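To start, the structure itself, in structure tokens.
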Amino acid sequence: MSTVVAPAASKLALLGGTPVGKITYPKFPTFTEAAVQRAADMLRAGKLFGLGRSHSPEIAEAEEVISRYHGGRHILATASGHGALQSALAGLEICCGDEVITTPYTWGASISCILHQTAIPVFVDIDRDMGLIDPAAVEAAITPRTKAILAVHLFGQPANLQRLRAIADKHKLMLIEDGSQAHGAEIGGVRVGTVGDAAGFSCMGGKVLATTEAGYLVTPHERVYWKGAMIGQHMGRAIDPGFPADLREFTDSLVYTYRVSPLNAVLLTAQFAKLDAELAERRRHADLLRGLLAGAKYLRLPTYAPGTKPSYHLLSFTFDSAAAGITRDTFAAALKAEGLRAVGYVPSPIPDWKRLHWQDYRGPRVSWLKALRDAGVDYRNMALPNTRWRVANALETGFDFVAPSDAMIARMAEIILKVEANIAALRDHERTAGPAAPAVRK
Ligand SMILES: Cc1ncc(COP(=O)(O)O)c(C=O)c1O
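As structure tokens, then:
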């Protein structure tokens, strides 16, 4: 059982008191000595590119390891998460004005992979608690032009894959998963990446499964793997055994460069070996914090259904500013002064972004505006009430607690409970000083 942290009613650091202390994280990511040695050997040998599995045993090995982790699915390792996602769409032949229903509340690459295929993102609202795509809103947005649903497992929280799969099957749509923030997360006993017709994952250095820069595509369909390879791999990997004979005449070097480096392939293999142990630590720490914050009134963690196992890339809270009587931003400023940095990860709904507004765009030319204009979409002033609520009220904080950090978790709880215990003083402060600057990711 976790120890109870007494809410310290001492003066807030923001108002001149003594800070609780800075939250620090274990070193992350880490690489085993064996992996570092292997990478160093490769640098010395000068074996630094791979044109497919038959050309690079390191790439073949990594894809086999990742495939085992994803129940035997086909895996295409890539240079980035974006490359994996665009390869997924290309492998499913989604392009050229096809509509893809997706979330307005994510990292931009979940959307740019659609734009770069000249497909059309159709934004639907999310739930307030977790910030994930709302299946009912997805179903309501289906038109005869809809080809796919792209769900994002944001902050490590799995989207409702069971409902999304049922909707996709009912309407004969493709389901694509963006698992870039959620390696190893599970919902209803299944691992993210194993339900969609294709999934893309990022393995850049800041992710739960981190290399330097890499990603991978997962798909149960062998042809999707090969067609995905054809847009981003040297000659579509046609040198590899099994390349479909009927596609051969269409392979060439008209490709994006989404090849994974064998150096990163070696890191992928090594990182997967310790992923589950690190996830167990992330989850243990999250449960510990949840217990310590049981009495918190204003800052809430989402409640997950039994069988949901997030991967806790980031920890996502919502703040009840109506009950607290202050803005999220003033609360975040008080947390920061005590030692905990938390900001809203999504600074504004994606459809508000200027580079999507072909009607009045004035910036450097971008390639997707013609497709958006041809489709006649107007993203300006979309209602999206839950998305807008979260943009104003969510707070995310780093959670790379992959090694025992119980004291840091206790400190995190102490900070939050101290700020909550001083809410009346913060109300007075905000009344006189005005709200703090927006606490959003820059
Ligand atoms: C949700 C999401 N999708 C896609 C990406 C793109 O990954 P990458 O930066 O590896 O291209 C990222 C991270 O950067 C992400 O967080």
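Residue 441, in numbering that gives the first Met the number 0, is where the sequence shown stops; the numbers in between run on with no holes. Even glycine gets a Cβ: it sits at the ideal position worked out from N, Cα and C. Predicted model, so just to flag it, every value in this text is computed and none were measured.
Checklist entry - How would you label Leu47, buried or exposed, when you count the other beta carbons within 10 angstroms and need 16 or more for buried? => result Burial call: exposed.
Checklist entry - Are Ala370 and Gly96 touching if we call contact CB-CB under 8 Å? => result Pairing Ala370 with Gly96 gives a Cβ-Cβ distance under 8 Å.
Checklist entry - Is Gly82 helix, strand or coil when you go by DSSP? => result DSSP places Gly82 in helix when its eight states are reduced to three.
Item to check | In DSSP terms, what Glu395 is bridged to | outcome: Answer is Ser315, Val342.
Checklist entry - Counting Cβ pairs closer than 8 Å, one from the stretch 153-169 and one from the stretch 179-191, do we hit at least three? => result Touching, yes, given that three or more Cβ pairs across the two stretches are closer than 8 Å.
Item to check | For Ala409 and Ile22, the rounded distance between their alpha carbons | outcome: Distance between the alpha carbons of Ile22 and Ala409: 10 Å.
Next on the checklist: I need the DSSP call for Asp133, collapsed to helix, strand or coil.
Outcome noted: In the structure shown, Asp133 adopts coil according to DSSP, grouped into three states.
Checklist entry - Is the beta carbon of Met411 within less than 7 Å of some heavy atom of ligand 1? => result Remark: the shortest separation between the CB of Met411 and any heavy atom of ligand 1 does not fall under 7 Å.
Next on the checklist: Give me, in chain order, the residues of the same chain whose beta-carbon lies closer than 6 Å to that of Asp239; leave out the 5 immediate sequence neighbours on both sides.
Outcome noted: If we look at Asp239 and ignore the five residues flanking it on each side, its Cβ neighbours are Gly51, Arg52, Ser53.
Item to check | Rounded distance between the beta-carbons of Pro157 and Asp328, thought under 8 Å | outcome: For Asp328 against Pro157, the beta-carbon gap comes to about 29 Å, at or over 8 Å, which does not count as contact.
Item to check | Cut-off 6 Å between Cβ atoms - residues of its own chain near Gly205, not counting five sequence neighbours on either side | outcome: Cβ neighbours of Gly205 beyond the five flanking positions: none.
Checklist entry - In three-state terms, what does DSSP make of Ser1? => result For Ser1, the pLDDT reaches just 47, beneath the cut-off of 50, and the residue's location in the model is therefore unreliable, leaving the point undetermined.
Next on the checklist: Let's see if you can read the secondary structure: which residues bound the beta strand (DSSP E) around Met173?
Outcome noted: In this chain, the beta strand (DSSP E) harbouring Met173 covers 173-177.
Next on the checklist: Report the CB separation of Ala34 from Ala269 in whole angstroms; it is logged as a contact under 8 Å.
Outcome noted: Indeed they touch by this definition, with Cβ atoms about 3 Å apart.
Item to check | Three-way DSSP call (helix, strand, coil) for Glu92 in this model | outcome: Taken through DSSP and simplified to helix, strand or coil, Glu92 comes out as coil.
Item to check | Euclidean distance between Cα positions of Pro243 and Ala228 | outcome: Taking the straight line from one Cα to the other gives about 12 Å.
Checklist entry - Would you say the beta carbon of Ala209 comes nearer than 7 Å to a heavy atom of ligand 1? => result Residue side-chain check: Ala209 keeps its Cβ at 7 Å or more from all non-hydrogen atoms of ligand 1.
Checklist entry - At which residues does the alpha helix (DSSP H) containing His428 begin and terminate? => result Per DSSP, His428 belongs to the alpha helix (DSSP H) from 422-432.
Checklist entry - What does DSSP give as the partner residues of Tyr215 in its beta bridges? => result For Tyr215, which the question treats as bridged, DSSP gives the partners Ala76, Phe200.
Checklist entry - Can you pull the DSSP bridge partners for Lys308? => result Answer is Glu185.
Next on the checklist: Strictly by DSSP, which residues pair up with Arg299?
Outcome noted: Within the DSSP bridge table, the entry for Arg299 names Thr317 as partners.
Checklist entry - Any heavy atom of ligand 1 within a distance shorter than 7 Å of the CB on His69? => result Outside the cutoff, so no.
Checklist entry - Pro261 to Tyr255, Cα distance in whole Å? => result Their backbone Cα atoms lie some 18 Å apart in a straight line.
Next on the checklist: Do Gly49 and Ala209 have their beta-carbon atoms positioned less than 8 Å apart in this structure?
Outcome noted: It is not a contact, given that the beta carbons lie outside the stated cut-off.
Next on the checklist: Bridge partners for Ile415 per DSSP, in chain order?
Outcome noted: Partner residues in a beta bridge of Ile415, as assigned by DSSP, do not exist.
Next on the checklist: For a test of your reading of the model: does the CB of Ala89 fall under 7 Å from any non-hydrogen atom of ligand 1? Yes or no.
Outcome noted: At a cut-off of 7 Å, the beta-carbon of Ala89 does not count as near ligand 1: no heavy atom of the ligand is closer than that.
Checklist entry - Relative to ligand 2, is the shortest distance from any of its heavy atoms to the C-beta of Met234 smaller than 7 Å? => result Ligand 2 is not part of the structure shown, which contains ligand 1 as its ligands.
Item to check | Coarse secondary structure for Thr386, derived from DSSP in three states | outcome: Taken through DSSP and simplified to helix, strand or coil, Thr386 comes out as helix.
Checklist entry - Can you tell me whether DSSP reads Ala402 as helix, strand or coil? => result Coil, per DSSP.
Checklist entry - Quick one: what does DSSP say Lys273 is sitting in, helix, strand or coil? => result Lys273 falls in the helix class under three-state DSSP.
Checklist entry - Which one of His170, Ala61, Lys226, Ala432 has the shortest CA to CA distance from Asp245? => result Between Asp245 and the set His170, Ala61, Lys226, Ala432, the nearest pair of CA atoms involves Lys226.
Checklist entry - Do you know offhand how far Thr105's Cα is from Ala150's? => result One C-alpha to the other measures close to 10 Å.
Checklist entry - Does DSSP classify Thr145 as helix, strand or coil? => result Thr145 falls in the strand class under three-state DSSP.
Checklist entry - What number of angstroms, rounded off, separates the C-alpha of Leu287 from the C-alpha of Tyr360? => result One C-alpha to the other measures close to 48 Å.
Next on the checklist: Under 8 Å, with one C-beta from each stretch per pair, do the stretch 23-42 and the stretch 172-184 reach the 3-pair mark?
Outcome noted: Touching, no.
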